[in-house]
Each structure stands twice: as structure tokens, then as C-alpha cells.
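Enquirer: Pasting a structure here, questions to come.
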Amino acid sequence: MSGHDSKYFSTTKKGEIPELKEELNSQYKDKRKDAVKKVIAAMTVGKDVSSLFTDVVNCMQTENLELKKLVYLYLINYAKSQPDLAILAVNTFVKDSQDPNPLIRALAVRTMGCIRVDKITEYLCDPLQRCLKDDDPYVRKTAAICVAKLYDINAELVEDRGFLESLKDLISDNNPMVVANAVAALAEIQENSNRPVFEITSHTLSKLLTALNECTEWGQVFILDALSKYKAADAREAENIVERVTPRLQHANCAVVLSAVKMILQQMELITSTDVVRNLCKKMAPPLVTLLSAEPEIQYVALRNINLIVQRRPTILAHEIKVFFCKYNDPIYVKMEKLEIMIKLASDRNIDQVLLEFKEYATEVDVDFVRKAVRAIGRCAIKLERAAERCISVLLELIKIKVNYVVQEAIIVIKDIFRRYPNTYESIIATLCESLDTLDEPEAKASMIWIIGEYAERIDNADELLESFLESFPEEPSQVQLQLLTATVKLFLKKPTEGPQQMIQVVLNNATVETDNPDLRDRAYIYWRLLSTDPEAAKDVVLAEKPVITDDSNQLDPTLLDELLANIATLSSVYHKPPDTFVTRVKTTVQKTEDDDYPDGSESAESSAHVGDGITSPPASSSSVPAAARQADPAPAPAPVPDLLGDLIGLDNNAIVPVDQPSEPTGPPLPVLLPASTGQGLQISAQLIRRDGQIFYSLLLENNSPVALDGFMIQFNKNSFGLAAAGPLQVPQLQPGTSAGTLLPMVLFQNLSAGPPNSLLQVAVKNNQQPVWYFNDKISLLPFFTEDGKMERTSFLETWRSLPDSNEVSKDFPGAVVSNVETTLDRMAASNLFFIAKRKHANQDVFYFSAKIPRGVPFLIELTLVVGVPGVKCAIKTPGPEMAPVFFEALETILKS
Amino acid sequence: MISQFFVLSQRGDNIVFRDYRGEVQKGSTETFFRKVKFWKEDGQEEAQAPPVFNVDGVNYFHVKVAGLLFVATTRVNVSPSLVLELLQRIARVIKDYLGVLSEDSLRKNFVLVYELLDEVIDFGYVQTTSTEVLKSYIFNEPIAVDAARLPPLGPAAIFMQGSKRMPGTAVTKSVIANEPAGRKREEIFVDIIEKISVTFSSSGYILTSEIDGTIQMKSYLSGNPEIRVALNEELNIGRGGRSLYDYRSSAGSGAVVLDDCNFHESVRLDSFDMDRTLTLVPPDGEFPVMNYRMTQEFRPPFRVTALIEEAGNLKAEVIIKVRAEFSSSITANTIVVQMPLPKYTTRATFELEPGAVGQTADLREVSKKLEWSLKKIVGGSENTLRAKLSFSQESHGNITKESGPVSMTFTIPMYNASGLQVKYLQIAKKSSNYNPYRWVRYVTQANSYVARM
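Keeping their order, the protein sequence lines are chains A and B. Residue numbers for the first sequence follow UniProt numbering, beginning at 1 and rising by one. Residue numbers for the second sequence follow UniProt numbering, beginning at 1 and rising by one.
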């Protein structure tokens with residue numbers, strides 16, 4: 001072999017493709033090999049060399065493995081766009097799968113599995129069957145993975161042809177590599193199947209534990225992760241398992257160590273003997289610490305996991321706090337995580353050392369790190385009562401350096417310390433007041449103002465201090481305005497003299513008349529009313545004793561912690577989020593059968609019935625809204641939301657939405673379905689949306705009424721799609737002037753109405769304070785289009801032909817105009833309307849799309865249009881033509897958006 | 001299980017891209033690069049992207065090796081340590097095969113790289129990362145790139161810098177490359193590499209000290225002979241449940257006490273408990289035989305003291321002293337001492353000792369850091385730097401708090417702080433005239449070597 005591969009990248013003059021074609025057909029082997037390399041080079045830089053398909057495939061029949069591998073690489077890339085030509089390669093594949101050379105057999109099966117063309121899949125079955133029983137372990141281990149590939153393309157085929165059984169047999173294979181791949185394949189198939197495919201019995205358990213000792217490091221991870229789902233029968237079995245797994249803690253591969261830790265932690269839950277548990281903790285500590293000697297990337301993962309582990313079992317690393325001290329050259333993401341763990345491990349015994357570290361960090365260069373270090377000192381003060389005084393003296397030392405952001409951060413934490421230990425450390429207020437004029441961050445300002453208001457009676461010049469802030473009241477961020485309002489009221493209640501009285505008038509005026517912020521206005525009105533009707537009551541309310549706070553920042557909710565601990569050594573434990581909040585893998589195979597589409601159907605039926613029971617007033621059957629609702633006037637046209645108000649509510653009240661709620665979708669505001677004028681101050685905006693393959697009812701409830709609302713429940717009337725809530729509506733108590741958004745998961749085909757499909761969705765919402773509200777929504781078909789609606793070109797044609805002409809419906813959209821094909825295609829694709837092909841007809845462009853709605857009803861769509869000219873004609877063919885009107889409505893919204 | 005693997009240059013150019021499952025959209029490389037380049041979170045100013053993050057349902061993992069970004073994507077809840085470890089290993093395997101890991105070598109050898117990637121990962125599942133095992137499946141040959149002009153990679157690369165005794169090409173030789181004469185040179189490298197972290201308090205006490213060590217091996221021996229590596233006989237593992245605070249009791253006895261250690265999977269420990277020997281048949285390529293960690297007290301190689309004092313209006317003086325506390329037969333090289341100065345420092349003039357050779361001192365304008373570089377320091381010697389600073393504003397008497405800590409990086413060949421030693425290296429091969437080259441090399445590097453002010 002001569003020269004450099006990179007020469008293949010050099011661009012030739014025109015006629016590159018014909019030149020390559022000639023070389024590919026050369027009679028000389030070396031020339032052909034060089035030519036294929038050039039083709040691959042062109043392919044990797046994104047050039048289209050698919051036209052050479054036949055010529056490249058011709059090179060496939062060779063004994064030269066290097067050349068064969070190159071051709072296979074090419075095939076994987078282009079087979080999808082050239083399915084008919086790919087068939088040409090099948091014979092060679094089948095032949096190769098019987099080659100005397102095991103490498104060629106394995107290569108053939110590996111490559112065929114990567115070519116996701118239906119026609120090839122059929123030919124794959126026989127070779128795969130043979131290779132699963134091959135004499136050579138390299139072939140068997142490749143075949144095991146190939147079963148998972150096939151399952152991803154065609155799950156039924158895998159089940160029908162008995163591949164699952166063959167795969168299970170491989171668990172007992174004598175080659176550990178084969179075992180590991182079989183386990184990996186089965187685990188993946190199980191993830192995507194609703195049937196029990198791979199259940200670990202005590203028998204498989206012992207086999208796998210034996211294989212563990214002989215496996216490669218990666219195989220050990222596959223096996224440990226699969227076994228972590230096993231629930232031991234009793235403490236004795238758990239101890240046995242742990243004993244077999246513990247040696248893995250000594251492995252050099254961090255992934256093996258963490259997976260072993262996960263397994264041990266899980267089994268420990270069952271172990272009752274405290275001696276055994278203590279001993280295990282002792283064994284786990286050094287390997288966990290050793291993870292911190294790995295590359296910083298691994299350290300980060302280890303630290304995120306350790307953070308969870310010490311929340312459950314603080315003793316494991318109680319004596320190791322020193323290893324979490326930040327190194328000078330740690331990346332910032334490692335330093336931040338170390339700080340978090342230092343706070344968690346801080347105790348009366350080590351707090352002096354820890355404070356010394358924090359103090360040092362607080363004078364470093366990185367601003368974010370410094371801030372976090374200052375906060376850490378405050379959090380230690382709140383956590384450890386006996387150390388609070390030492391923490392405060394460190395904070396005061398830091399304030400004296402007069403670095404602006406350090407001072408501000410210190411004031412924020414000192415406010416919390418005052419809340420935690422009332423009437424203890426107020427003597428330092430004078431020192432704090434010295435820094436008053438340097439504060440320029442909202443949170444620090446708000447904290448300082450809170451302190452002044454809270455201790456107005458002890459600060460001689462509290463009124464002067466507050467007054468200095470009042471001058472800039474209108475310009476302040478709302479956080480500061482709210483605090484100023486409250487602090488001024490406190491001052492007035494404590495020192496009802498002339499000065500404060502004037503101040504309160506200025507503030508109340510500013511906060512009611514001069515502001516657009518409903519939070520501020522509402523709070524000001526409440527104070528105003530309180531002060532004017534009953535000043536004593538005002539005192540009771542405003543100056544009431546506050547509950548003592550604890551340091552729960554970054555402490556996870558116990559149920560969440562449980563779930564995360566079960567997911568140690570996975571992404572979930574790094575994000576500190578349950579897997580279902582970020583796993584978005586499109587499960588193409590699952591949705592092939594009808595039942596699988598709604599795996600939780602039975603559960604949701606129960607829960608929606610439960611919701612129905614909860615609605616007390618209408619004594620109708622639990623799944624229907626009373627007739628009155630049906631006859632109700634059509635809902636008033638959605639009132640346009642005033643932009644300003646919408647923005648303010650959206651922004652300012654984020655804090656009120658509970659953190660565990662899915663975040664508000666960013667995008668156009670939801671249409672208002674129940675205006676506040678109709679709902680006695682309760683305004684409901686809602687829309688059906690699709691996210692991560694699921695349908696949700698996105699709701700925004702705004703309480704503009706004078707009372708707090710709680711006990712929200714929702715109910716849907718029978719409708720053409722059988723839409724119903726999959727669970728109870730989770731909305732917290734809504735204080736006046738606040739709002740809450742929520743995503744309510746929906747299920748289909750629960751309460752179907754008879755008659756031709758229409759888009760009416762009748763909704764009832766109730767709460768404990770108001771009558772039941774009924775309103776109408778319009779069902780758009782858009783959220784129903786499933787992710788698996790893409791059709792192969794051939795099956796599209798077949799389906800089109802197989803449907804009678806009576807199933808074809810068409811409609812004109814004279815007003816719609818497509819000015820940019822790309823964006824329209826993108827928009828269609830975003831709604832799961834998949835582009836199939838395009839052709840020219842006279843001066844018009846004709847586009848074909850496919851889409852699918854649940855229960856496998858496909859839509860074949862033909863759009864005829866001239867780019868940039870108004871007027872789009874749409875024809876659809878579908879087994880359910882009665883859906884056409886609803887479909888056209890949906891399409892129109894896409895075309896016109 | 002991963003979906004895609006790719007390698008990007010520092011500018012974001014796509015060097016290698018392999019999609020294993022077709023479930024992540026094509027634009028992922030750009031999405032990733034944009035996210036990493038402009039990482040922002042929680043209103044923080046520009047920060048460094050963590051190695052794992054999620055954008056629109058796709059999880060991105062990345063590590064930086066030799067100035068390149070090795071990235072993997074997935075949509076499922078995989079083991080992140082597996083993926084990150086895998087990325088490091090892929091880098092190592094590629095380096096083993098290409099000899100050098102660089103943008104240039106990857107581009108020149110793209111066919112070989114793709115061949116490797118197909119054997120390392122199938123449908124997103126790791127198959128093997130063993131250079132040895134892979135040899136039977138790889139048919140392309142590497143094309144050498146000019147190693148001299150390339151930045152070295154990996155811990156063993158430090159041997160290329162100073163010591164002339166080492167054959168510099170050894171570490172950049174591909175495992176499958178043939179020597180020009182067709183004859184392979186029989187040699188084996190065993191490197192004891194220690195990274196030490198020490199924090200001195202302002203009064204010179206040692207606050208924390210730690211050694212992260214690894215015994216790295218790279219074998220070019222033909223016929224895969226068995227090798228025995230003997231370590232110190234007085235070697236204890238585990239602090240026996242004692243806490244960090246009283247480890248001093250074990251010091252002085254001459255024994256080396258490791259907190260924890262782990263071994264490569266090829267290592268057999270049959271006689272380890274008895275005579276502290278490791279037995280192994282080294283696979284091809286570079287690999288760590290043993291990793292260890294130690295917090296036992298040791299003598300730090302350097303004592304650093306720094307002083308900053310106000311010297312009149314808007315002026316201050318800095319004195320930094322570095323004393324080498326190791327034998328005079330040993331020389332440390334590429335020493336850099338850094339010290340952050342107050343933000344309002346405008347000018348610094350430096351005064352090196354008379355007769356100082358190979359030393360430079362500088363004030364980094366942007367970061368306001370003092371930087372003192374020394375080409376070498378001989379054991380037992382002391383070096384001093386004096387600097388006069390000018391300020392643009394008055395300090396509030398907090399000058400000490402606003403400067404420092406002093407940090408130091410260095411490399412000391414043929415020195416190790418832990419005292420762990422390879423007593424002998426035995427190659428089991430019958431022939432009497434078989435005497436391959438054995439290189440046992442020690443080196444100590446600074447990890448986080450800090451003196452507080």
C-alpha cells in the first residue's frame with residue numbers, strides 16, 4: 001500500500017464520478033481498492049456518491065477482507081436510499097455468512113443487521129439462525145447483537161422466528177463475551193417490549209454471576225446493570241450476591257466500580273445485620289474515593305453519584321471529607337460538585353477544617369465558585385447550630401475584604417441565618433449596614449431590605465435607610481419592590497411615627513397606581529386594606545412569628561431520592577432526574593401492535609374514574625359531563641390575552657409553580673378557554689399538545705379572584721377520540737394573583753362518543769371554592785400524529801393502490817401559500833407528517849407525505865401547489881375517510897402558521 | 001449503549017463521525033459544539049460545559065484528549081461512566097494503532113479508524129477496547145505522520161521531553177507498524193508515574209497531601225511472554241479503617257501504605273499477598289498495570305513560601321522562595337510558579353537572583369497573574385524571585401487576601417514521592433540469549449501543588 005489515505009480527499013477536477021466509476025471497474029485489485037477508498041472518503045465528507053452503488057457492490061465479491069470491509073461500510077450508508085439495489089448485495093451476504101472464515105461470517109451478519117431495508121431483513125433470518133449456533137464465539141457474539149438490531153427493525157419477526165429463545169440459550173454459552181452480548185441484547189429488547197422477555201430468575205442469576213468473573217470489563221457492566229433489576233428473596237440471598245460482586249470494586253474500570261456499587265447498595269436495603277452493612281460501607285469507601293483520581297469527566301459523574309449516596313448513607317464517607325477539598329486545577333464543574341458534598345459531610349467534628357477551606361475558596365478568582373463558597377458557609381451555619389457563630393465570623397471577615405459580589409452573597413446567606421436563629425446574631429447588623437450602598441444585585445438588595453424591615457426597632461436609622469432605597473422604587477426589579485413594600489409596612493407597624501407614615505403612603509401609591517405588576521399591586525392592596533380596617537390585625541399578620549427554616553436546599557425529596565438511588569450509575573443519577581423525564585427514545589417497534597400503544601390503558605381508566613368521583617356536584621355517571629354542558633352556548637371566542645399581562649404572569653409567577661411540575665412549554669401562549677370574567681376570576685387556558693410521543697393537555701390556571709383556590713379536578717366529556725385524563729389534575733393551591741401551569745397526561749379511546757368524528761372537546765373543571773366550570777375546546781388532530789408514521793416509499797405506493805378510490809377525499813385551501821418548501825417540510829415533520837417524495841406536474845409541485853394516528857390509522861397525503869402562489873390542493877387517502885374534515889383542519893393550521 | 005460517536009477538532013470540524021443506530025438526527029455535531037462553546041447555565045457567566053448534558057432529548061458525553069473532542073450521543077439512560085471511560089479508551093486504542101493521536105493522523109488514517117470503530121462498537125454496544133484482541137480483526141495499516149512536530153499525548157509522553165536516554169520514537173510507534181528493516185525491536189517500558197497534590201497552609205504546614213499513581217506498561221515483546229513485576233515487600237494496602245486524621249502513626253516505619261489500588265484485568269495476583277509480585281502477560285498497547293492512591297505522609301519535593309507586603313503608597317513587594325528538598329543527583333524540569341495578584345496591579349518589575357539561568361518572570365496582563373518559569377531546578381537548591389508591584393488604587397489592607405494562592409507545576413524524572421518501587425522485572429522466556437530492553441522509568445508531576453498565603 002502506498003501513499004496517504006488523505007490523498008483521497010483531494011478534489012479532482014470535474015468528472016470525479018465517471019472517473020471513479022472507471023476505476024471501480026478496473027481489472028486490477030489494488031486499483032479497485034484505492035477507488036473504493038476514494039468513494040468512502042467522498043462519503044465521509046458528505047458528498048453524494050450513491051450513484052456508484054452498483055459499481056461498489058460489484059467489488060464486494062472478493063477474498064480481500066480489507067476491501068470487503070470498505071464495501072460493507074459503503075453499503076450501510078446507502079442501502080436505505082437505494083433499497084432496490086441493496087437487494088443485489090443479498091446473495092453475497094448470504095454466501096459470506098457461510099464462508100469458512102469466521103471473520104467473514106461475522107462481518108456479513110453484522111452488516112446485514114445494519115441495513116434497515118425490509119426486503120433485506122427477510123433474507124437475514126436464515127443466516128442469523130445459523131450464526132447464533134456457529135462454532136466460533138466471535139460469530140455468535142456478533143449474531144447476539146444482531147438479534148437486537150432485527151428487533152429494532154421488526155419485532156414480530158424476532159418473536160415469530162424464535163430468536164428470543166436462541167438468545168436466552170446464549171446466556172449459558174461457554175464464552176463470556178457471547179454471554180455479555182446476549183444479556184445486552186435481551187436487556188434492550190426488554191426495555192422496548194411490554195411482555196416479560198428477560199426475567200432474571202435465581203438460576204440465571206447464578207449463571208451470570210459466574211460469567212461475571214471471566215467477562216471483559218464492558219461485559220461486566222452489561223451483566224451488573226442487568227442484574228441490578230433482580231430483587232433478592234431474603235437477606236441471605238442478598239448477602240450472597242453482595243459477596244460475589246464485592247471483588248468488582250477493585251476493578252480499574254470506573255464503570256465496573258460504579259455498577260458494582262449500585263448493585264451492592266440495592267442489595268444492602270435487604271440486609272438486616274448492621275455488622276454486615278457497616279462492613280460493606282467500609283469496603284465501598286476507598287473505591288468511591290479512588291474514582292476521584294480518574295479523569296475530571298469521570299470525577300464529575302462519580303461526584304454526582306456520591307452526592308446521592310451520602311444522602312442515604314452519610315456514614316460511608318463521613319471520615320473522608322478531605323478528599324472532597326477542591327484542587328487548584330479542578331475544572332469548575334468538579335469544584336461545584338465537591339462543594340455540595342462538603343456541605344453534606346460537614347459536621348461538628350470537621351467544621352473548622354471545612355470553614356478554613358471555604359474561606360480560601362471565597363478569595364479565588366472564579367466568581368461563580370466564590371459565590372457558591374460563600375453560600376456554602378451560610379448553609380453550614382444553618383445546618384450546624386454549634387458552628388453557626390464560627391460561620392458568621394468567617395462571613396464577617398469576608399465582608400471586610402469588600403469584594404462586591406462576596407459582600408452581596410454574604411448578606412443573602414446572613415438573612416437566612418437570621419431566620420434560622422432568631423434573636424441571636426442581630427448584633428452584626430451594624431456591620432452589614434456599612435455595605436448598604438454597594439449592593440446592586442436584586443437578591444442581595446432584597447435580603448438587606450428584609451433585614452432592615454425585620455429588625456426596624458433595633459436599627460436607629462431604619463427609616464433613613466429604607467428611604468434611601470425608596471427613591472429608586474419604580475426602577476427596582478419586582479423582587480426588591482416586594483421586599484420594600486413589606487419592609488416599609490413593618491417599619492410603620494413598629495414605629496408608627498410621622499416619617500414612616502409618609503413613607504408608607506408613597507410606597508402604597510407606587511405599588512398600586514404606578515405599577516403593572518399584579519403581584520405587587522395585590523400585595524399592596526391587601527396591606528392597604530389591612531392597615532385601614534384593623535391595624536392590630538395587620539400587626540398580627542405582618543409581624544407574625546416566622547417558622548424556623550432548615551437547610552433543605554439541595555436535599556432531595558425521599559421518594560425521588562429512592563428512585564435516583566435505584567438508578568445509580570446511570571444518566572439519571574447525574575442529572576438527578578428520574579429517567580422518564582429525559583429519555584425520549586422513539587420506540588418504533590412498540591407501536592406496531594394496537595395494545596402496545598396504550599400500555600397503561602387500564603390504570604388510566606381507573607384514575608380518570610377516580611377523578612370523576614371527585615367531582616361531587618353533578619350526579620351524572622362518572623365519565624360524562626351533564627347534558628347541560630352539552631347544550632351550553634358555544635364557548636365565547638377565546639379572548640385575546642393582553643400581552644403585557646400574559647408576560648408578567650408568565651415571568652413573575654414561575655416561582656409559584658412547584659418545581660416538580662413539567663416546566664411551562666415555551667411557545668405561543670395557550671388559548672384562553674374560560675375567561676376570568678366568566679369564571680369568577682378563574683381563567684383557564686389550555687391546549688392539547690404532543691410531547692415525547694405522548695399527548696398532554698397543557699393547562700394554565702390563573703387565579704384573579706380574591707380567594708385562594710384549591711382542590712382542582714378535571715373531567716372530559718365523551719368525545720370522538722375518547723380522550724380522557726390519564727391521572728388526576730395536579731395543581732397546587734392557587735393564591736390570589738398567582739397562576740400555575742401543568743401538563744396533564746392524556747389517554748385515548750377511553751370515553752368514545754358515537755357518531756361521525758367531530759372536534760368538540762367538552763371540559764369540566766372544578767375546585768373547592770367555586771361552582772363547576774364547563775368550557776369547550778376544539779380538538780386538533782396535530783397532537784395525535786405518532787412518531788412512527790413514516791412510510792417507506794414502496795409501502796406508501798402499495799397502500800395507496802390498495803385503498804379504494806372512495807377512500808380519497810380532497811380539499812382546496814385557496815388562502816394557503818407555501819413560500820418556502822424547506823420550512824413547510826420542517827413544520828410538517830415537527831408535527832409527525834413525514835415527507836416521502838416529490839414530483840413535478842406541469843408547473844406544479846406535488847408532495848407526498850405519510851402520517852399515522854393511534855390504532856394504526858395511516859393517512860397518505862398529496863399536496864399540489866406552486867411555490868409562492870396562494871392555493872394548495874390537498875388529497876388524502878386513508879382507511880378512515882370520516883376523519884378527513886378534522887384532518888384538513890389540522891393541515892390548515894400548519895399551512896397557515 | 002450509544003447512538004453516535006464523533007471526533008471534533010477544537011474549531012468544531014468534523015474529523016470522524018460514525019452513527020451506530022440512526023436514532024439521533026444528523027445535526028448533532030453542530031448542536032453539541034455550539035452548546036459546549038457557549039455553555040451558560042443558571043445565569044452564570046461563561047462556564048465550562050460539564051462532560052454530560054442533555055439537549056432536546058439527546059444526551060451528549062465528551063472528553064478532551066490531545067486537543068480533540070471525543071463525543072458520544074445517546075437517547076437512553078446509559079451508564080455515563082461507561083461512556084466516558086469508553087471515549088478515553090477509544091482515544092487510547094486509536095493512538096496505539098496510529099502511533100500518534102492528532103487531527104492530522106486521524107485524517108490520514110480515516111479508513112483504519114473506521115475499521116477500528118466498527119470492531120470496538122456494534123449497534124452502540126462496546127465489544128472490546130483491547131488493542132491486543134483487536135489485532136486479529138484489523139487489516140488496514142497505519143500511515144505514519146511526522147511525530148516530531150506533534151504535541152505528545154498521554155502520561156508517558158513526558159519522557160520525550162527532557163531525558164535523552166529514552167528512545168523518543170518508542171511512544172509514537174504503532175502497535176502494528178513494522179520496523180523498516182522488518183525486524184521488531186524487543187523492548188518493554190514500565191513507567192511509574194505519580195501525580196502529587198499538596199496544599200500548604202499560610203504558615204507552611206501541610207494541610208492535605210495525596211499521590212495518585214499509576215504503573216503504566218507498554219510492551220513490544222514478541223511472543224507474549226509472561227512478566228513478573230516485583231514491588232516493595234513492605235507494601236500495605238488500606239489504612240485499616242483508621243481515619244485520615246491519624247495516618248501519621250504509620251509514617252516513619254519505612255512501609256509504603258496505599259489507601260487503595262486497582263489492577264488491570266490481565267494482572268494475576270496469586271502471589272501478591274505473599275511477596276508483592278504481579279504476574280501478567282502484557283497485551284499490546286499502552287495500559288495501566290496498577291493504579292494506586294496514597295495519603296500517607298510523604299516529603300514534598302518542594303517547599304514554597306510566598307510573601308506580599310505593602311511598600312509605600314500604591315506599591316507592594318512580593319518574595320517567592322522555592323526550595324528543592326530532594327537529592328542533588330535529581331533535577332526537576334519545566335517548573336512554572338504562578339501567583340494571582342490583586343486585580344488593581346498595573347505593573348511589576350522582577351528581580352531574579354544573580355546568576356539565574358533559564359528563568360523568566362512575567363506579569364500576565366489579563367489574568368493579573370505573576371508567572372515565574374524555571375527550566376530546571378537541581379535538588380537541594382533554593383531559588384528566589386522578588387517583584388515590585390504598582391497598583392492603580394489603594395488596597396484596603398487586604399492585600400494578602402486578594403493575592404495568591406501560589407500554585408506550581410513541575411516534572412521530576414527518576415523520582416517518586418511515594419517510595420513505591422519496581423524491584424525487578426522478570427521476563428519469562430527460556431532462551432538464554434534473549435535479553436530485551438527493559439525501561440523502568442519513574443516520574444513525578446504536580447497535580448495541584450498549592451501554597452496558601
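Heads up, the beta-carbon is just placed ideally off N, CA and C, and yes, glycines get one too.
Just to confirm the assignment: which complete beta strand (DSSP E) runs, minimum length 3, are found wholly within the region 345-406 of chain A?
Expert: Taking only runs of at least 3 residues, no beta strand (DSSP E) segment lies wholly in the region 345-406 of chain A.
Enquirer: Could you tell me which residues DSSP puts in a beta bridge with G285 (chain B)?
Expert: Per DSSP, B:S219.
Enquirer: Taking CB distances under 8 Å as the criterion, tell me whether Q393 (chain B) reaches chain A.
Expert: Cβ-Cβ to chain A under 8 Å: no for Q393 (chain B).
Enquirer: With a cut-off of 8 Å, does the C-beta of A148 (chain A) fall near any C-beta of chain B?
Expert: It does; some Cβ of chain B falls within 8 Å.
Enquirer: So does the region 708-723 of chain A actually touch the region 756-769 of chain A, counting three or more Cβ pairs closer than 8 Å?
Expert: They touch, by the three-pair rule.
Enquirer: With 8 Å as the threshold, decide whether the Cβ of L82 (chain B) is near any Cβ in chain A.
Expert: Chain A contact via Cβ: present.
Enquirer: Tell me whether P642 (chain A) is buried or exposed, calling it buried when 16 or more other Cβ atoms sit within 10 Å of its Cβ.
Expert: Annotation note: pLDDT 37 at P642 (chain A) (below 50); position unreliable, coordinate value reported separately. By the neighbour-count rule (16 or more Cβ atoms within 10 Å), P642 (chain A) is not buried but exposed.
Enquirer: Using DSSP with H/G/I as helix, E/B as strand and the rest coil, what is R236 (chain A)?
Expert: Helix, per DSSP.
Enquirer: Expressed to the nearest angstrom, what Euclidean distance is found between the alpha-carbon atoms of N174 (chain A) and T210 (chain A)?
Expert: Their Cα atoms are separated by approximately 11 Å.
Enquirer: Along chain A, in chain order, which residues have C-beta atoms closer than 9 Å to that of S448 (chain B)?
Expert: Result: C326, K327, Y328, N329 and D330.
Enquirer: Helix, strand or coil: which one does DSSP assign to W39 (chain B)?
Expert: W39 (chain B): coil per DSSP, three-state reduction.
Enquirer: Cβ closer than 7 Å: which chain B residues qualify as neighbours of R801 (chain A)?
Expert: Chain B residues near R801 (chain A): none, gap ~28 Å exceeds 7 Å.
Enquirer: Compute the minimum distance between the beta carbon of A676 (chain A) and the heavy atoms of the ligand ATP, and state whether it is under 7 Å.
Expert: This structure lacks the ligand ATP, and indeed carries no ligand of any kind.
Enquirer: Figure out for me which residue from B:V55, B:T31, B:S432 and B:K388 has the closest Cα to the Cα of V583 (chain A).
Expert: Here the closest residue by C-alpha is B:V55.
Enquirer: How would you list, in chain order, the residues of chain A whose beta-carbon sits under 9 Å from the beta-carbon of F263 (chain B)?
Expert: Those are Q250, H251 and A252, listed as they occur along chain A.
Enquirer: How many whole angstroms separate the CB atoms of V256 (chain A) and Q220 (chain A), which I take to be in contact at a CB cut-off of 8 Å?
Expert: Contact flag correct, Cβ pair sits at about 5 Å.
Enquirer: Which residues mark the beginning and the end of the beta strand (DSSP E) in which T201 (chain A) is found?
Expert: Note, T201 (chain A): premise wrong, no beta strand (DSSP E); not H, not E.
Enquirer: Within 10 angstroms of the Cβ of Y28 (chain A), are there 16 or more other Cβ atoms? Answer buried if so, exposed if not.
Expert: Flag for Y28 (chain A) reads exposed.
Enquirer: Alpha carbon to alpha carbon, how far is L205 (chain A) from E85 (chain B)?
Expert: One C-alpha to the other measures close to 26 Å.
Enquirer: Decide if P100 (chain A) is buried, meaning its Cβ has at least 16 other Cβ atoms within 10 Å, or exposed.
Expert: Exposed, by the Cβ-count rule.
Enquirer: Could you tell me the distance, in whole angstroms, from the CA atom of M43 (chain A) to the CA atom of V49 (chain A)?
Expert: One C-alpha to the other measures close to 6 Å.
Enquirer: Mind checking who K119 (chain A) pairs with in its DSSP beta bridge?
Expert: None, per the DSSP bridge assignment.
Enquirer: Indicate the three-state DSSP secondary structure (helix, strand or coil) for D777 (chain A) in the structure shown.
Expert: The answer is strand: DSSP assigns D777 (chain A) an E or B state.
Enquirer: Can you pull out the residues from the region 117-144 of chain B whose beta carbon lies closer than 7 Å to at least one beta carbon of chain A?
Expert: Residues D122, F123, Y125, V126, T128, Y137, F139, N140, E141 and I143.
Enquirer: Using beta carbons (cut-off 8 Å, strictly below), is V111 (chain B) in contact with chain A?
Expert: Output row for V111 (chain B): interface = yes.
Enquirer: Please confirm if V672 (chain A) has its CB atom under 8 Å from at least one CB of chain B.
Expert: No, its Cβ sits nowhere closer than 8 Å to a Cβ of chain B.
Enquirer: Is the beta carbon of V354 (chain A) closer than 8 Å to that of I399 (chain A)?
Expert: The answer is no: Cβ separation not under 8 Å.
Enquirer: So, at 6 Å on beta carbons, what are the nonlocal neighbours of S2 (chain A) in its own chain, with the 5 sequence-adjacent residues on each side left out?
Expert: Caution applies to S2 (chain A), whose pLDDT of 45 falls short of 50 and renders its modelled position unreliable; the model cannot decide the point.
Enquirer: Once the 5 residues before and after Q426 (chain B) are set aside, which same chain residues still bring their CB inside 6 Å of it?
Expert: Excluding residues within five positions, the ones whose Cβ falls inside 6 Å are R228.
Enquirer: Answer yes or no: do E194 (chain B) and I211 (chain B) have a C-beta to C-beta separation smaller than 8 Å?
Expert: Yes, the Cβ-Cβ distance between E194 (chain B) and I211 (chain B) is below 8 Å.
Enquirer: Between the Cα of K218 (chain B) and those of B:D284, B:G204 and B:N262, spot the shortest distance and give me the residue it belongs to.
Expert: That would be B:D284, whose Cα lies nearest to the Cα of K218 (chain B).
Enquirer: Can you tell me whether M828 (chain A) is buried or exposed, with buried defined as 16 or more other CB within 10 angstroms of its CB?
Expert: The residue in question, M828 (chain A), is buried, as its Cβ has 16 or more Cβ neighbours within 10 Å.
Enquirer: Of all the CB atoms in chain B, is at least one closer than 8 Å to the CB of S478 (chain A)?
Expert: For S478 (chain A), the answer is no, since every Cβ of chain B falls outside 8 Å of its Cβ.
Enquirer: From the beta carbon of T488 (chain A), is the nearest beta carbon of chain B less than 8 Å away?
Expert: Taking Cβ atoms only, chain B never reaches closer than 8 Å to T488 (chain A), which makes this a no.
Enquirer: Confirm, please, whether the CB-CB distance from L729 (chain A) to L743 (chain A) is below 8 Å.
Expert: No; because the gap between Cβ atoms is not below 8 Å, this pair is not in contact.
Enquirer: Return the CA-CA distance between E889 (chain A) and P870 (chain A), expressed in angstroms with no decimal places.
Expert: Distance between the alpha carbons of E889 (chain A) and P870 (chain A) is about 17 Å.
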